[in-house]
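Numbering follows the working numbering, with no gaps: position 159 of the sequence shown is 1465. In what follows, a single structure is set out as structure tokens and then discussed.
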Amino acid sequence: MVIMKRFRIKLKFTSPLHIGYKEGAFNLTETIIHSDTIFSGIINCHSLLYGKDKTDNLINEAINGNFKVSSAFYYINDEYLYPRPVGMNFKKYVDDFKKEKKINYVSEEILFGNTKEAYLKDNMLLKKDMKKNVYNVRERPRSTLDRITNASNIFYTSTCVFNEDCGLWFFMDAKDYIIEEIISSIKLLGDEGIGGDRTYGYGQFEFEPLEHYIEDIKDKNLLLSLCIPNEKDKVEDLIFYNIVERGGYIYSNYSKVKRHSLFRMIQEGSIVKGDFKGCIIDDTPEDFNYHKVYKYGRAFLIPLDWEG
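Spelled out as structure tokens, the structure:
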């Protein structure tokens, strides 16, 4: 019998991480990794390991809902953070209105447990008090040479460096017959690096796959990935949501200069009703003949018990 399994993939970064925030802004970096970037990285490494035909099969599995990933969020030791659910307030933990509004990430045990005390650290609501930062953003100087005058131009690029026992984690669901290939692809991705400036060794990580239980979808669910609604998804099923625009460069072994189309996507932390699916869109440029290019927008949902 074919079984769907869920893993919490815990990433421990061994080099700085650069996730582009917007085009040309090298001095800015995101500090989480969105689901479309994770999916593209896994698919790219799967192609390196297993070839085009097998990778096309894996993409079809993802299109059919047999393989999906969430975005990656922070962890501190064994405390895992989630995106703050849109519309949910935490006034019982933080009585200062301005500070409460700044919360962007919430500990798993606060969101789904019965924790009575919580601690605010920057934009994170934690179960345990913590003095150190989860990460530090560092600027590194770079220079380019003018091809005609040989004049140098110095610019700065920002990287995220995680502190000890801190990093990122994401959920992965997959049917049991494709798990081994996906885990091997994530291992290669850790060696190759994820995000930008991989030629400088950025984005490398070690990882630990922790098997996790799967909960049934309920009436209200928390979105843990970016999502592009499919034709059957209903707008009225979006209870509370934010929209984000996503573009970026195509993650490919054959071209480094092709760009994705610009997509408006439902953001992590949105609350949706029922089994909202999302979709994966063919975004292959007209003059790109090496392989198909896809924009990952499957919804990764977990049930949320919340009266609001």
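Cβ atoms here follow ideal geometry from the backbone N, Cα and C, with glycine treated the same way. Bear in mind the structure is a predicted one, so any value in this text is a computation, not a measurement.
Within the region 1404-1474, the alpha helix (DSSP H) runs of at least 4 residues that lie entirely inside it are, in chain order, 1414-1418. Counting along the chain, the unbroken alpha helix (DSSP H) around His-1352 starts and ends at 1341-1356. Boundaries of the alpha helix (DSSP H) harbouring Leu-1494: 1485-1498, taken from the DSSP string.
Residue environment for Ile-1549: exposed (fewer than 16 other C-beta atoms within 10 angstroms of its C-beta). Closest option to Arg-1312, judged by alpha-carbon separation, among Phe-1606, Trp-1612, Leu-1610, Asp-1611: Phe-1606.
Exposure of Asn-1429 is indicated by the presence of fewer than 16 other C-beta atoms within 10 angstroms of its C-beta. Ile-1309 carries a coil assignment under DSSP once its states are collapsed to helix, strand and coil. Met-1307 and Asp-1401 have their alpha carbons spaced roughly 51 Å apart. Straight-line spacing of the CA atoms in Ile-1309 and Ile-1460 works out to 53 Å. Beta-bridge partners of Asp-1479 (DSSP): Arg-1312, Lys-1374. If you check the CB distance, Pro-1535 and Ile-1572 come in under 8 Å.
Taking Tyr-1411 as the centre and dropping the five residues before and after it, the same chain places the C-beta of Phe-1379, Tyr-1380, Leu-1387, Tyr-1388, Pro-1389, Arg-1390, Asn-1429, Met-1430, Leu-1431 closer than 8 Å to its C-beta, in chain order. In the three-state DSSP reduction, Arg-1390 falls in the coil class, being neither helix nor strand.
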